[in-house]
Every structure is written in structure tokens, then in C-alpha cells.
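Numbering (this note's numbering), first residue to last: -1 to 259.
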Ligand code: PGA
């Protein structure tokens, strides 16, 4: 697990976007796992900039999103379908038929989730999965207590997540309490994991995920089990890490790190 800390949110996001660009420049038909939420917004902005100004090409790319709220149609402004269209897809040259976001309106959750898992496999598996982290340590909507072997399924959201989301809805009763989410086991099958987190509100969850025990109570701690995961942080999100200096030392001295003259 690599921990990369930058002083600002924008620098952190640009560094994470570079990982994606590096993949697309070597594997133009890569499969990307995408996340929603406020954290990856600057990462997506940077990908859009690279598309517009550096020719980063998405025509052969396939995407799978982590999750979607149950009960919200694709054109609902708070749906993750809408989020992805507005914040990424409509600004790049990805064919929309190559993009996958779990259905918020399916009535047959079990069949849909099995199809989604199968579709990821048919497309060759996810090359890079982008992840955020919740203040309760969740990845996707794998709330505390989610099995580390869990697969795509319908999930009842934790109270803290519902409260975190309430700001986006007019009335408390409109806040969804169920979501379809990839499981921790699904996420761990991606070839590379890239988690982004910024701000003080994520510092406790980040410290627990990186330096605590592997536990289903902090599902982001499952990244410790993955052979190729990178965690991009800003200073505030890294502020509770005990080994912060060591992570910086590794970045400065790892094989291939830029050497001072
Ligand atoms: P945020 O959400 O990026 O809006 O903080 C992260 C998450 O809950 O996974």
C-alpha cells in the first residue's frame, strides 16, 4: 500500500488523475472503476482537462461505477447516473454505452447485481478502481459490518451516511436509505485501487484504514489486503497518520524516485 500526501486537494487530485492517464496511455481500452462524491470532482476535472488539452482519449474505455441509490431514476439530480454525466461523461469522448452505473430503479435487485458482477468479468475486470472514503470508513456503500468478501448487492445505509447525504435533498424523507453497491470483495478484484481523501473530516477514517487493523468495521482497511493500492491524501486527511514522515520518506527515496542532482 502506497500513501502519497500532497499539500493541497488540487495537487492530490492531479496526482491521482495522472495514475489514470498513465493507464489509458498504455492501455487505451482500459476498464475504469469510478466513484461519486465530492472528493473525486477535481480528479475528474483534471481528466477532462487532459482530454481537452492533451488528447487523453476515452473512445475505447469502459467504466463501472461503484454504487447508486435505490429509488432514484437516472435523471434525478441526486442520482449517481446524473452525477457521472454532469461531472465527467458529457465532457469527454466516452461512448455512453461503455459506461455502467448500477440501476437505481431495478425491481429485481438480485438479478441486476448478478448481471453487474458478470458484466465486469465479461469486460475483462477493472484495471483501476477509484475510491473515496466515508467518515465511517466505508468504501462505496460498504458500511461498517459489511463482509470483506461481499459482492454487489442492495445495502441498507448507515445512519451517519444518511445524515451526511441529507444536505443534498430537500426533505429528510427524500434521502434514500438503500443503495446498490459493489462489494468489498468485488472492489478487491480490481487490478489497482486508487483511493482519494481530503480534509480533516476524513483524518480519523484514513488513520484507521491505513494504520488500524483490517476489519469489516472500517471497510477501507481492506485496502491493506490488496497487492497494488495507492492512497492519495491532502495534508489535512493525513494529519492523524502516525507514520506520516515515513510515507514521505518512501515517496522521496523509493526506486525510481526523482534524484536530486
Ligand atoms: P465524499 O464521499 O467524497 O463526498 O466525501 C466519500 C464517500 O462517502 O465515499
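Quick reminder that beta carbons are idealized off the backbone N, C-alpha and C, glycines included.
Just so you know, these numbers come straight off a predicted model, no measurement behind them.
Would you give the residue range spanned by the beta strand (DSSP E) that residue i belongs to?
i, result
"residue 156", "Segment: none, residue 156 is in no beta strand (DSSP E) and carries neither H nor E."
"residue 183", "Unbroken run through residue 183 is the alpha helix (DSSP H), 182 to 186; no beta strand (DSSP E)."
"residue 63", "60 to 63"
"residue 76", "Where residue 76 is concerned, there is no enclosing beta strand (DSSP E), given that its DSSP letter is neither H nor E."
"residue 193", "190 to 195"
"residue 136", "Segment: none, residue 136 is in no beta strand (DSSP E) and carries neither H nor E."
"residue 4", "0 to 4"
"residue 30", "29 to 32"
"residue 178", "176 to 179"
Do residue i and residue j have their CB atoms nearer than 8 Å?
i, j, result
"residue 146", "residue 214", "yes"
"residue 131", "residue 86", "no"
"residue 177", "residue 65", "yes"
"residue 152", "residue 107", "yes"
"residue 11", "residue 52", "no"
"residue 127", "residue 216", "no"
"residue 25", "residue 172", "no"
"residue 139", "residue 179", "yes"
"residue 19", "residue 2", "no"
"residue 191", "residue 227", "yes"
Determine the direct distance from the alpha carbon of residue j to that of residue i, and round the result to whole angstroms.
i, j, result
"residue 211", "residue 4", "25 Å"
"residue 102", "residue 248", "42 Å"
"residue 21", "residue 174", "35 Å"
"residue 17", "residue 252", "17 Å"
"residue 197", "residue 232", "7 Å"
"residue 162", "residue 168", "14 Å"
"residue 47", "residue 41", "10 Å"
"residue 209", "residue 181", "22 Å"
"residue 50", "residue 154", "39 Å"
"residue 82", "residue 241", "35 Å"
"residue 121", "residue 115", "10 Å"
"residue 98", "residue 243", "39 Å"
"residue 57", "residue 150", "27 Å"
"residue 165", "residue 254", "44 Å"
"residue 60", "residue 32", "10 Å"
"residue 105", "residue 67", "13 Å"
"residue 225", "residue 183", "14 Å"
"residue 109", "residue 100", "12 Å"
Less than 8 Å between the CB atoms is what I'm expecting for residue i and residue j, so what's the real figure, rounded?
i, j, result
"residue 29", "residue 143", "With 8 Å as the limit, residue 29 and residue 143 do not qualify as a contact, their Cβ atoms being about 29 Å apart."
"residue 134", "residue 203", "7 Å"
"residue 205", "residue 157", "Rounded, the Cβ-Cβ distance is 22 Å, inconsistent with contact."
"residue 271", "residue 96", "Absent from the model: residue 271. The displayed extent of the chain is -1 to 259, so no value can be given."
"residue 221", "residue 207", "7 Å"
Output the boundary residues of the alpha helix (DSSP H) element that contains residue i.
i, result
"residue 171", "Per DSSP, residue 171 belongs to no alpha helix (DSSP H) and is neither H nor E."
"residue 243", "242 to 251"
"residue 19", "7 to 24"
"residue 128", "Per DSSP, residue 128 belongs to no alpha helix (DSSP H); it is in the beta strand (DSSP E), 126 to 129."
"residue 46", "39 to 52"
"residue 202", "201 to 209"
"residue 229", "Counting along the chain, residue 229 falls outside any alpha helix (DSSP H), though it belongs to the beta strand (DSSP E) covering 227 to 232."
"residue 109", "107 to 120"
Mind listing, in chain order, the residues whose beta carbon lies closer than 5 Å to a non-hydrogen atom of ligand 1? 35, 36, 37, 130 and 132
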